[in-house]
Structures are given as C-alpha cells and as structure tokens.
Amino acid sequence: MTHADVKVLIIGSGPAGYTAAIYAARAGLKPVLYTGAQPGGQLTITNDVENFPGYPNGINGPEMMIDLQKQAERFGTKVNYGMITSVDFSGYPLKVTVDEKDEITAGTVIIATGATAKYLGIPSEEKFNNKGVSACAVCDGFFYRGKDVAVVGAGDSAAEEATYLANLCTKVHLIVRRDEMRASKIMQQRVLKTPNIQIHWNTETDEILGDDNGVTGVRLLNNKTGEKSIISVQGFFLAIGHQPNTGIFKKYIDMDETGYIKVVPGTTKTNVEGVFAVGDAADKVYRQAITAAGTGCMGALDAEKFLVSKEMEEVGVTIGNQ
Ligand code: NDP
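Residue numbers (the working numbering): 1344 to 1665.
What follows is the structure, encoded as structure tokens:
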C-alpha cells in the first residue's frame, strides 16, 4: 500500500464516479479520477434530467455533470482527462495504464465505467438523437406525454419501457424483429394486456423520419413480407440492450455472460481485493443516475474501509476476528 501512487483511483466520470470521488475526497483520500472517452458519461447526452432528487425544476444533463465535477474537485479530487487503457490486477498494489503509456499504482480502484446503450446503427437515429430519439424511457418519456411513440426491442427492457410509456403516451408502437419476444412471460403479458400498446411483429426499423423539429414517424419494414409502412410518432425509444464498458477488466474481474461486473451482494466488492465496481458497469436492472450515485457512495466507503484494514495489516494489526 505504501508504494501506491494513489490511494483511490476512480475510473469513469458519470454520477457513480463523481459521487465516489466526493466521498473519497471528503474522507481525505485524495482520489484521482480518470474521465474516460465521454467525460460526464451518459447524462451528457440527455437534455433534461427531471428525476434526480434535489432539482425541483429539473437540470440539464451536461450542467449536472459539470456541477458534480466541481463538487468532487472542491474537496480535492484530481480529475484527469484520460483513458485507462489496461489494468494489471494480478498483484498489489493494483496497476493501471493511462492512454497506453503511463503506469499508475493504486491502493484501491473504483470501476465506474458505466454502460453504453446499443443503437441500431442507422444514420437517421444519430440525426435525431435527443430530438425524439432516446435510449431511456424513464429519463425522457415524460416529454412525450399525450403523444405517440415507438419502442424498438423485445427483451425485458423493451417490455418495461413500453408499459412505462403507455402510462404517459397516447399510443406505443412496439417494434419486434421476430415473431416472439425474449422478455419474461410476466412482462410480455403486461405488454399484451396494455390496450394502447400495438406490437408490430417481424418488423424492423427501416428509417426514422423527421424534420427540423424532430421525429415525426418511422418507416417500418416487415421482414416476412418485405412490405414497408409508415407510423406517425414523435418519440423513438431504443431498448435493444446495453453494453457495459468493462472489456479491459475481463482478465481479472468476475462478470456475467454479458459483461456486467459481479459484486458481493449488498457491497461494491469484486472478486479482486481492493477493486470495487459501482454504477451501471455492475447494474443491469436499475441503471439510473440516482442508483449509480448511490453505489458510487458505497464504493468510496468500501474503499476507505479496505484501506484502513490494509494499513492496519501493514503495521501488524488485525481487525475483528480475521
Ligand atoms: P436483451 O439483450 O435481453 O434484449 C434485447 C432485445 O433487443 C432482444 O429482444 C433483441 O431481439 C432486440 N434487439 C437486439 N438488437 C436489435 C436490433 N438491431 N433490432 C431490433 N431488435 C434488436 O436486453 P434488455 O436490455 O432487454 O435486458 C438486459 C438484461 O437485463 C436481461 O437479462 C433482462 O432480463 C434484464 N432486465 C431486467 C429487468 C427487470 O427485471 N425489471 C428490466 C430490464 C432488463 P431478439 O430477441 O430478436 O434477439
């Protein structure tokens, strides 16, 4: 531990990473945070955040992330604009490499690298991103109250987002590429029982249509008949899965089959001593800014506790019954 360059190294700059930084900095641990390729994380591609407690009038996503950064820096977090390109968790202290060249040793590492929503990869989707195209119904659904929207996907996320939007919107078109859904039976039943959800089976998104004001419709392609049709919608929601940004940790950290980091339940501990995982990188169910922030706090507290026990160990003191 005494040889580590930093006590707490945080990888990622979303709500989880910055919250971990605020707590670690206030504990006097002088955390160093690397922002990654998208400083501020997924919230920087969200216009208005209305569901984060404490902002009665909502807040613009990028602004919120700047505030979180300032708050972390105020207590002494060093924020570096760089990518952690590889890690070596085979020994202790832990080693990470920044931008493929500089090696840093750390007493603890908090992984807060988040996840990235999967997109279809069609140009119109990018064109209307934030102008009707969204990958988060809970974040953006409210803006489509009383309007018609489309959801693409057929898993639990799509089922959940479609039913969530059905409460707010006049009509929800669910675009399913096969003749069955992957979602759990109970979620499917919920979708089928909701009168204002229309399922389009064997259907793909051919193009998202719109004008200067945003999305106006979707051109659908029936992949059985080859028939094309247009539906009129103002919002287009992607729910085709997320990819956790955890590739560089694969060699050392236990993950599920889709790459989400496994933590000891009720904690942020991974299988590697001194490495903690917080936010969306370890959460495929909730994936909210507030839950990410909550686990970020847990990560800092877990890291602090670990460092104390490590320091005690070094001076020959054992803790509790260990
Ligand atoms: P999944 O990977 O389970 O499902 C993705 C869905 O998107 C599939 O139905 C897939 O279709 C469809 N899809 C993928 N690519 C495309 C494409 N290019 N065009 C059209 N459709 C496409 O992701 P989810 O986010 O739904 O769920 C991830 C995990 O999180 C799951 O384990 C799920 O159970 C869990 N989860 C649990 C929740 C809960 O318990 N409340 C809520 C949300 C998620 P196809 O079926 O044809 O492959």
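Glycine is no exception: its CB is placed at the ideal position from the N, C-alpha and C atoms.
The ligand NDP heavy atom lying under 6 Å from the CB of Ala1449: No, the Cβ of Ala1449 stays beyond 6 Å of every heavy atom of the ligand NDP.
Inter-residue Cα distance where the pair is Leu1386 and Asp1491: A straight-line Cα-Cα distance of about 24 Å links Leu1386 and Asp1491.
Neighbour-count burial assignment, Tyr1629, 16 or more Cβ in a 10 Å radius: Counting Cβ neighbours within 10 Å, Tyr1629 comes out exposed, since fewer than 16 surround it.
Range covered by the alpha helix (DSSP H) that runs through Asp1499: 1499–1511 is the span of the alpha helix (DSSP H), which, as asked, contains Asp1499.
Nearest candidate by alpha-carbon position, reference Tyr1507, set Glu1523, Asp1522, Met1530: Checked all of Glu1523, Asp1522, Met1530; the closest Cα to Tyr1507 is Met1530.
Beta-carbon proximity list for Val1487, same chain, < 8 Å, skipping 5 on both sides: In the sequence under discussion, the amino acid at residue 1487 is Tyr, which differs from the Val named in the question. So the qualifying residues of the chain are Leu1508, Leu1511, Cys1512, Gln1577, Gly1578.
Limits of the beta strand (DSSP E) - the one that Tyr1377 falls within: First-last of the beta strand (DSSP E) with Tyr1377: 1375–1377.
Opposing strand residues paired with Ser1575 [DSSP bridges]: Looking at the DSSP output, Ser1575 sits in a beta bridge with Gly1560.
Rounded separation between Lys1350 and Glu1416 - CA only: Their Cα atoms are separated by approximately 16 Å.
Exposed unless 16 or more other CB atoms sit within 10 angstroms - verdict on Ser1500: Buried is the call here.
Residue environment, Glu1469, which counts as buried when at least 16 other CB atoms sit within 10 Å: Classified as exposed, Glu1469 has fewer than 16 neighbouring CB atoms from the shown chains inside 10 Å of its CB.
Ranges of the beta strand (DSSP E) found wholly within the region 1392–1449, counting only runs of at least 3: DSSP runs (the beta strand (DSSP E)) wholly in the region 1392–1449: 1421–1423, 1427–1431, 1437–1441.
Simplified DSSP state of Ile1465, which is helix, strand or coil: Ile1465: coil per DSSP, three-state reduction.
Coarse secondary structure for Met1524, derived from DSSP in three states: Under the three-state reduction of DSSP, Met1524 is assigned to coil, being neither helix nor strand.
Nearest-angstrom beta carbon gap, Asp1442 and Gly1425 [assumed within contact, 8 Å]: About 5 Å separates the beta carbon of Gly1425 from that of Asp1442, a gap short enough to meet the 8 Å contact definition.
Own chain, CB closer than 6 Å to Thr1420, minus 5 neighbours either side, in chain order: Exclusion of the five residues before and after Thr1420 leaves Ala1364, Ala1368, Pro1374, Leu1376 as the residues of its chain whose Cβ lies within less than 6 Å of its Cβ.
Distance between beta carbons of Ala1359 and Ala1636, contact taken as under 8 Å: The Cβ separation is near 6 Å, so the contact holds.
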